[in-house]
Amino acid sequence: MIVKLKTFSLFGIDAVPVEVEVDCAESGQPKTIIVGLPETVVKESVFRTERAIENAGYLNPSHRIVINLAPADLPKHAASFDLPISLGILASSNQIPAEGLERFGIVGELALDGSLRSIRGALSIALAAKASGVKHLVVPYENGSEAAVVEGISVYPVGSLKEAVAFLTGGLLVGALPSVDLGIFERLAEYEIDFADVRGQESAKRAMTVAAAGGHNLLMIGPPGTGKTMLAKRFSTVLPKLSLDESLETTRIYSVLGYLKKDMPLIATRPFREPHHTISEAGLVGGGSPPSPGEISLANNGVLFLDELPEFNRRTLEVLRQPLEDGTVTIARVSQTSEFPANFILIAALNPCPCGYRNDPRRRCRCTSLEVERYMNRMSGPLLDRIDIHIEVPPVDYAELSATTQGTSSAEIREQVIKAREIQTKRFQKSQINHNANMTHRQIVTHCSLDEQGHAQLQRAMEDFGLSARAHDKILKIARTIADLDNTKQISPMHIFEAITYRTLDRKLWA
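Going by the working numbering, the first residue of the sequence shown is number 7, and it counts up by one from there.
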């Protein structure tokens with residue numbers, strides 16, 4: 007008898023419906039065959055299901071069993087096929103009734119004793135189930151709360167093959183999990199760190215406020231120990247809170263990679279990723295076969311921090327250029343092409359020279375001009391072109407370090423950022439962009455008009471510092487964001503002046 011069950015297979019960070027067809031034939035040599043482009047982990051399912059069926063107290067059929075995973079041209083990678091295959095074998099061999107199984111989507115990896123292990127991508131599977139019209143989903147216990155985030159489907163958690171059989175045949179009552187209370191999402195959306203922890207560096211905090219308000223990438227230059235990393239780690243705390251849609255998009259990535267914590271069904275805070283400078287290209291942008299997301303996708307809707315930027319492999323940094331422009335990354339392989347979201351703000355930090363103490367009043371720099379030039383040339387020019395704000399982070403003196411008064415808090419900065427972003431949302435409501443940093447040249451002309459004094463000041467800066475046409479547009483974008491923070495429609499000469507101070511590298515101070 008042929009039995010058909012519904013399940014799902016991961017394809018990148020998405021899940022696609024798969025139909026499991028099981029046929030137990032009494033004729034032929036006893037053997038279990040899986041067809042439908044199964045990868046190694048799926049082929050090994052034969053051995054897991056065989057032992058799980060017997061150890062759960064059922065008979066393993068001594069027949070020829072053919073298992074087809076349709077569509078046949080889609081590669082199947084996950085161990086989540088174990089449970090539907092086992093149920094299909096039991097139903098096809100008349101050990102359990104097959105009626106009603108088609109109403110459920112079924113996923114789960116089996117241990118040899120018949121218990122169920124958690125799977126990756128439960129959130130993506132639940133979303134795919136809803137999209138394909140599946141109303142009921144059977145998942146392992148550990149994935150229940152994650153799948154229950156999706157409204158409109160009933161999620162039933164089970165702990166073993168025996169329990170799944172009892173539930174699906176009516177011998178056990180398993181209640182559908184309630185949808186996750188969004189109040190939990192609000193409670194989890196709190197940070198343990200705050201900008202108030204940072205002593206001094208108020209000018210750097212101001213630059214970060216501008217960067218957060220306009221979605222600008224930022225580069226910090228300063229000696230070791232000045233607080234660059236401390237500032238970067240607190241950047242996420244001043245961004246607007248994650249919306250539910252942003253949280254679902256980010257959570258899917260962490261779920262597929264198995265990074266989701268058991269007690270946290272949703273990512274509630276903006277991600278902050280800090281890869282080491284020895285990271286490979288595939289580790290940074292994603293790769294492998296099948297393709298899996300990299301660090302830039304894990305930073306989606308959050309922050310990617312690259313400390314000691316010149317120490318990164320130049321070729322590795324080059325692969326960031328396209329994701330920074332498009333907000334997505336495409337990984338192409340012979341068998342499949344996957345597109346992952348990569349909408350992040352880049353924060354980078356570096357020392358001003360190889361020894362780290364150039365222009366530091368406390369230490370003497372021993373680097374020659376040639377060594378400094380080689381050090382700075384390690385960075386990709388096209389990548390630096392995509393970083394709008396460059397600031398110096400000087401050492402903090404003792405008076406500021408020992409002060410008892412707290413500096414500007416994250417809550418104060420976040421309030422300014424939210425108001426500025428609301429202005430940008432209205433400005434770009436008929437456009438596909440939503441931040442000043444992403445403005446096209448035509449939009450810059452439309453939204454960044456200057457008065458006579460502003461034009462004169464910008465012209466003088468370009469002539470004195472030898473600024474390029476690209477730097478001209480960057481300054482206007484930054485000035486537009488500063489004006490939004492001041493809630494003014496017209497960009498003033500003071501806004502232009504402040505924007506110019508955020509272009510340290512263009513002023514050739516570090517050549």
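Think of the CB as a built atom: it goes at the ideal place given N, C-alpha and C, for glycine as much as any other residue.
None of the values given here were measured: they were computed from a predicted structure.
Is H83 helix, strand or coil when you go by DSSP?
Note: H83 maps to coil in three-state DSSP.
Figure out for me which residue from G111, S92, R109 has the closest Cα to the Cα of I102.
Checking every option, the nearest Cα to that of I102 belongs to S92.
For the alpha helix (DSSP H) that contains D332, what are its first and last residues?
Here the alpha helix (DSSP H) through D332 covers 327-332.
Hey, would you say N442 sits closer than 7 Å to R372, going by beta carbons?
No.
Sorted by chain position, which residues of the same chain lie with C-beta nearer than 8 Å to V164's C-beta, five sequence neighbours on each side aside?
Here the set comprises G114, L122, V144, V145, P146, Y147, A170, F173, V180.
Counting only the same chain and skipping the five closest in sequence on each side, list residues whose C-beta sits under 8 Å from that of D391.
The residues are R476.
So, with DSSP's three-state summary, where would you put T487?
Helix.
Cα-Cα separation, A58 to V335:
Near 40 Å, if we compare the C-alpha coordinates of V335 and A58.
Considering only C-alpha positions, which residue in the set G289, I337, T284, E192 is nearest to I273?
A check of alpha carbon separations from I273 across G289, I337, T284, E192 identifies E192 as the nearest.
DSSP beta-bridge partners for C373?
In the DSSP output, where bridge partners are listed per residue, C373 has none listed.
Is it true that the segment 504-511 meets the segment 386-400, where meeting means three or more beta-carbon pairs spaced less than 8 Å apart?
Segment contact: the segment 504-511 against the segment 386-400, three or more CB-CB distances shorter than 8 Å; contact assigned.
With a Cβ-Cβ cutoff of 7 Å, do L323 and S386 count as a contact?
With respect to S386, L323 sits close: the two C-beta atoms are nearer than 7 Å.
State the Cα-Cα distance for the pair V156 and G472, rounded to the nearest angstrom.
Going from the Cα of V156 to the Cα of G472 covers about 54 Å.
Since A218 contacts L245 with CB under 8 Å, what's their CB separation in whole angstroms?
Right, the Cβ-Cβ distance comes to about 6 Å (below 8 Å), so this counts as a contact.
Please state whether DSSP places G294 in a helix, a strand or coil.
Correct three-state label for G294: coil.
Boundaries of the beta strand (DSSP E) in which V402 is found, first to last residue:
No residue range can be given for V402, since it is assigned to no beta strand (DSSP E) and is classified by DSSP as neither H nor E.
Just to confirm the assignment, what range does the alpha helix (DSSP H) spanning L250 have?
It spans 250-263 - the alpha helix (DSSP H) in which L250 sits, taken as one unbroken run.
Let me check understanding here. Comparing Cα to Cα, which of P296, G292, P329 lies closest to P388?
Per the Cα distances, P329.
Rounded C-alpha distance that separates Q438 from P36:
Their Cα atoms are separated by approximately 59 Å.
Express the C-alpha separation of A288 and T374 in angstroms, rounding to a whole number.
Taking the Cα positions, T374 is about 35 Å away from A288.
Just how far apart, CA to CA, sit P499 and Q459?
Rounded to whole angstroms, P499 to Q459 spans 6 Å at the Cα level.
Give the secondary structure of E115 by DSSP, where H, G and I count as helix, E and B as strand, and everything else as coil.
Here E115 sits in strand by DSSP.
Taking the beta strand (DSSP E) that F201 belongs to, which residues open and close that run?
Segment: none, F201 is in no beta strand (DSSP E) and carries neither H nor E.
May I ask you to report which of helix, strand or coil DSSP gives F318?
F318 carries a coil assignment under DSSP once its states are collapsed to helix, strand and coil.
Contact under 7 Å by Cβ, N61 with D119:
Their beta carbons are under 7 Å apart, which means N61 touches D119 by this criterion.
Between E255, I39, S33, F318, which lies nearest to G127 when the distance is taken from Cα to Cα?
In terms of Cα proximity to G127, the closest of E255, I39, S33, F318 is E255.
Contacting residues, own chain, Cβ-Cβ under 7 Å from S130 (five flanking each side not counted)
So the qualifying residues of the chain are L16, I19, D20, A21, R258, S261, V262.
Expressed to the nearest angstrom, what Euclidean distance is found between the alpha-carbon atoms of R384 and I199?
Their Cα atoms are separated by approximately 33 Å.
Count the other C-beta atoms from every protein chain shown that fall within 10 angstroms of the C-beta of V204, then say buried if there are 16 or more, exposed otherwise.
Buried is the call here.
Closest Cα partner of E208 within the set Y197, P229, K234, N223
E208 has its Cα closest to that of K234, out of Y197, P229, K234, N223.
How about I523 and T215: are their beta carbons less than 7 Å apart?
Outside the shown range of the chain, which is 7 to 517, sits residue 523, and nothing can be said about it.
So does the segment 67-74 actually touch the segment 33-49, counting three or more Cβ pairs closer than 8 Å?
Yes, since at least three Cβ pairs between the segment 67-74 and the segment 33-49 fall closer than 8 Å, the two stretches touch.
Pick from M445, F503, N493: whose alpha carbon is nearest that of H461?
With distances taken between Cα atoms, H461 lies closest to F503.
First and last residue of the alpha helix (DSSP H) that includes F471?
Unbroken alpha helix (DSSP H) run through F471: 458-471.
According to DSSP, simplified to helix, strand and coil, what is Y147?
Here Y147 sits in helix by DSSP.
How many angstroms separate the CA atom of L80 from the CA atom of M270?
So the alpha carbons of these two residues sit roughly 31 Å apart.
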